[in-house]
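Asks: In this note's numbering, the protein residues as written are 100 to 577. Idealized CB from N, CA, C, for every residue including glycine.
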Ligand code: HEM
C-alpha cells in the first residue's frame with residue numbers, strides 16, 4: 100500500500116480535476132494539440148488529464164515521445180478499448196488491427212498485413228508501376244480541367260483510394276464511376292464522425308449508445324461504410340478460389356479456411372470486416388490529406404515549386420514517368436515532401452496508446468492501463484529540434500551541400516511497435532503522385548490575392564479553404 104502511494108506521488112502533474120467531468124473543460128476536442136501545447140507550457144512535457152473516469156497522460160516534444168515509444172516500446176504499445184465501435188461488430192474478441200489491444204491477435208494481424216502487403220508489392224516494383232499508372236490517370240483528370248480552377252481534393256482522394264482499394268479488394272475504378280463516388284463520399288463522412296467531443300463522450304459513457312436510434316444517428320456513415328464493405332466481402336466469398344489469391348481479402352479468406360476448428364485465431368470473417376475497413380480508411384485519408392497540403396504549399400511557395408520543377412527537369416525530364424530510383428537523385432524534392440509532412444502535421448495527436456504495464460517515464464510513474472496521447476504535432480514542431488518549426492522550410496531536410504538529411508524528430512508516422520504499418524506504401528504514393536503532378540503542372544492561385552502566411556491554426560484553415568481556388572495550368576517551361 101505504501102509502495103503504491105509512493106509511486107502515485109510521482110504521477111505526472113496536471114490541471115485540477117472536477118467531479119464526473121474530470122479535466123475535459125481544459126481540452127478543445129476539435130484541436131486538442133493546441134490545448135496540449137498550452138497545458139505543456141504550464142505542466143511540462145509529461146502531464147496528466149482526466150476524461151471523465153479515465154486517466155490520460157499526454158506526452159509532448161521529441162524526447163518524451165521517443166522515450167515512451169522507442170525506449171519503452173512494449174510498456175506503451177497497448178491501445179485503449181473503444182466501446183463506441185461495438186455497434187460495428189468490434190468487441191473484446193474481434194478488434195481489427197488499428198485499435199486492437201496489444202497481444203497475440205494484434206501481433207498476428209500486424210504480421211499478416213505487413214507480409215501480405217509486401218507480397219502484393221509494397222516496397223517493390225510491381226506496386227510502383229501500379230501507383231505510377233494511377234498517377235498518370237490523375238494527371239489526365241487534372242488536364243481535363245483545361246486550366247480552370249477546381250478543387251483537387253476529390254480527384255486526389257480517388258487516385259489514392261484506388262491504390263489501397265486494389266491492394267485490399269483487387270480492383271480499381273474510373274474516377275466518374277458512380278459506385279466509387281458513393282464509396283469515397285461515405286468513407287469521408289464516416290471519418291468526420293470521429294472528430295469532436297461527441298465520440299469521446301460516447302466512448303466514456305457507452306450506455307448512451309444503447310438508447311435506440313443513437314448509433315444509427317451519430318454513426319450513420321460508419322455503419323454505411325461497414326455495409327459497403329460487407330457487400331464487397333460477400334462478393335469475394337462467392338468468387339474466392341484458393342488457387343488464385345489476387346488481393347489482401349483473398350489471402351485473409353485463405354487463412355480463415357486454413358484454420359482448424361477449436362484453434363484460437365484472429366482470422367475470422369468478423370475480423371476481416373474490421374481489418375479491411377482499417378486498411379482502407381488508414382490508407383486513404385492520410386495520403387490524400389498530405390497530397391492536398393502538398394498542392395497548397397506549392398501554391399503558397401512558388402519559389403519552392405520552381406525549384407522542384409527544375410529538379411524534375413534535370414533528373415527525370417518530360418518523356419518518362421518518375422520512379423522510386425529517382426528519389427535518391429532528387430534531394431530537394433525529397434526534402435520538400437518531408438517538409439510537407441512535417442509542417443502539414445496531419446495527425447497532430449496520432450492515435451491513442453495505453454500503458455501495457457506499470458512504467459516510468461522521465462522520472463514519472465505511469466500505471467498500467469493509462470491512456471497515452473502522443474502529441475506528434477509538438478514533435479514535428481519541437482522548438483528545440485527544428486530551426487524554423489512554424490514555417491514551411493524545406494531546408495530542414497537539406498545539408499549545406501544541398502544533400503538530403505534525415506531528422507530524428509521527423510515522426511509523422513509515429514514510432515515503436517504501433518508505428519504506421521503503411522509507411523512504405525505512403526512514401527511511394529507521396530513521391531510518385533507529387534512528382535508526377537509537378538512534372539505536368541504548375542499550381543497557381545486563381546485570383547491575384549495576397550495570401551497571408553499566418554502561423555495560427557485559424558490562418559491554416561483559411562489557407563485550406565483556398566484550395567478550391569487552385570488553378571492548374573499545363574506547365575510550360577520557362
Ligand atoms: C497507424 C500515420 C498512411 C496503415 C498510423 C499512426 C500514424 C500513421 C501516426 C499511429 C501510430 C501509433 O499509434 O503510434 C500515417 C501517415 C500516412 C499513413 C502520416 C500517410 C501520409 C498509411 C497507409 C496505410 C496505413 C497508406 C495503409 C496500409 C496504418 C495502420 C496503422 C497505422 C494499419 C495501425 C498500426 C497498428 O496499430 O499497429 N499511421 N499513416 N497508414 N497506419 Fe498509417
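For residue 117, count neighbouring Cβ atoms within 10 angstroms of its own Cβ and tell me buried if that reaches 16, exposed if not.
Replies: Exposed, since its Cβ has fewer than 16 Cβ neighbours within 10 Å.
Asks: Any idea what DSSP makes of residue 221, helix, strand or coil?
Replies: In the structure shown, residue 221 sits in coil (DSSP, three-state: anything other than H, G, I, E or B).
Asks: Take residue 234 as the anchor and find which of 212, 258, 312, 506 has the nearest alpha-carbon.
Replies: Ranking 212, 258, 312, 506 by Cα distance to residue 234 puts 258 first.
Asks: Measuring CB to CB, does residue 502 end up less than 8 Å from residue 430?
Replies: In this structure, residue 430 lies closer than 8 Å to residue 502 by Cβ.
Asks: I need the DSSP call for residue 215, collapsed to helix, strand or coil.
Replies: Three-state result, residue 215: helix.
Asks: With C-beta atoms as the reference, is residue 187 less than 8 Å away from residue 325?
Replies: Taking 8 Å as the Cβ cut-off, residue 187 and residue 325 qualify as a contacting pair.
Asks: So, helix, strand or coil for residue 452, using DSSP?
Replies: Reduced to three states, the DSSP call for residue 452 is strand.
Asks: Taking the alpha-carbon of residue 261 as reference, which of 469, 250, 280 has the nearest alpha-carbon?
Replies: Selected option, being the one with the closest Cα: 280.
Asks: If you draw a straight line from the alpha carbon of residue 525 to that of residue 426, how long is it in whole angstroms?
Replies: Answer to the nearest angstrom: the Cα atoms are 14 Å apart.
Asks: Any heavy atom of the ligand HEM inside 7 Å of the beta-carbon of residue 258?
Replies: It does not: the Cβ of residue 258 is nowhere closer than 7 Å to a heavy atom of the ligand HEM.
Asks: Helix or strand or just coil, what does DSSP make of residue 545?
Replies: In the structure shown, residue 545 sits in coil (DSSP, three-state: anything other than H, G, I, E or B).
Asks: Alpha carbon to alpha carbon, how far is residue 282 from residue 213? Give it in angstroms, no decimals.
Replies: Residue 213 and residue 282: Cα-Cα distance of roughly 25 Å.
Asks: Bridge partners of residue 465, per DSSP?
Replies: 458.
Asks: Going by other Cβ atoms of all chains shown within 10 Å of its Cβ, with 16 needed for buried, is residue 485 buried or exposed?
Replies: Residue 485 comes out buried.
Asks: Does the distance from the CB of residue 435 to the CB of residue 179 come in under 8 Å?
Replies: Not closer than 8 Å, so no.
Asks: Looking at the ligand HEM, does it come within less than 7 Å of residue 209, judged from the CB to the closest heavy atom?
Replies: Under cutoff, so the answer is yes.
Asks: Let's see if you can read the secondary structure: which residues bound the alpha helix (DSSP H) around residue 146?
Replies: Element bounds for residue 146: not the alpha helix (DSSP H) but the beta strand (DSSP E), 145 to 150.
Asks: Rounded to the nearest angstrom, what separates residue 171 and residue 449 at their Cα positions?
Replies: Cα-Cα distance, rounded: 18 Å.
Asks: I think residue 158 touches residue 472, with their Cβ atoms under 8 Å apart; what is that distance to the nearest whole Å?
Replies: At roughly 7 Å, the Cβ-Cβ gap stays under 8 Å, so residue 158 and residue 472 are in contact.
Asks: Which of the three DSSP states is assigned to residue 532 in this structure?
Replies: Of the three classes helix, strand and coil, the one that applies to residue 532 here is helix, per DSSP.
Asks: Is it buried or exposed, residue 416, if we count other Cβ atoms within 10 angstroms and call 16 or more buried?
Replies: It counts as exposed.
Asks: For the pair the region 477 to 493 and the region 458 to 468, tell me if three or more CB-CB distances fall below 8 Å.
Replies: Touching, no, given that fewer than three Cβ pairs across the two stretches are closer than 8 Å.
Asks: Going along the chain, which residues of its own chain have a beta-carbon closer than 7 Å to the beta-carbon of residue 520, five neighbours each way excluded?
Replies: These residues qualify, in order along the chain: 209, 212, 213.
Asks: Nearest to residue 181 by CA position, among 380, 476, 153, is which residue?
Replies: Here the closest residue by C-alpha is 153.
Asks: For residue 250, which of 391, 408, 467 has the nearest alpha-carbon?
Replies: Closest option to residue 250, Cα to Cα, is 391.
Asks: Smallest Cα separation from residue 582: which of 462, 522, 534, 148?
Replies: With the chain represented from 100 up to 577, any question about residue 582 goes unanswered, as that position is not in the structure.
Asks: Would you mind giving the Cβ-Cβ distance between residue 358 and residue 174, rounded to the nearest angstrom? I have them listed as a contact below 8 Å.
Replies: With a Cβ gap of about 31 Å, residue 358 and residue 174 do not count as contacting.
Asks: Verify the contact flag: residue 513, CB atom, against every heavy atom of the ligand HEM, threshold strictly below 7 Å.
Replies: At least one heavy atom of the ligand HEM is nearer than 7 Å to the Cβ of residue 513, so yes.
Asks: Report whether the distance from the Cβ of residue 525 to the nearest heavy atom of the ligand HEM is below 7 Å.
Replies: Yes, the Cβ of residue 525 comes within 7 Å of a heavy atom of the ligand HEM.
Asks: What separation, rounded to the nearest whole angstrom, lies between the Cα atoms of residue 194 and residue 364?
Replies: So the two alpha carbons sit approximately 12 Å from each other.
Asks: Which value, in whole angstroms, describes the spacing of the CA atoms of residue 183 and residue 288?
Replies: When rounded, the distance between both Cα atoms is 17 Å.
Asks: Any heavy atom of the ligand HEM closer than 7 Å to the beta-carbon of residue 147?
Replies: Result no, Cβ not under 7 Å from the ligand HEM.
Asks: For residue 310, count neighbouring C-beta atoms within 10 Å of its own C-beta (all shown protein chains included) and say buried if the count is 16 or more, exposed if not.
Replies: So residue 310 ends up on the exposed side.
Asks: Cα separation between residue 305 and residue 185?
Replies: Computed Cα separation, rounded: 9 Å.
Asks: Would residue 478 and residue 164 be called neighbours here (beta carbons separated by less than 8 Å)?
Replies: Cβ distance < 8 Å, so residue 478 and residue 164 count as in contact.
Asks: For residue 550 and residue 399, I'd like the C-alpha separation in whole angstroms.
Replies: Note that residue 550 scores a pLDDT of 39, beneath 50, so its modelled location is shaky; the value from the coordinates is reported in the next line. Roughly 7 Å between the two C-alpha positions.
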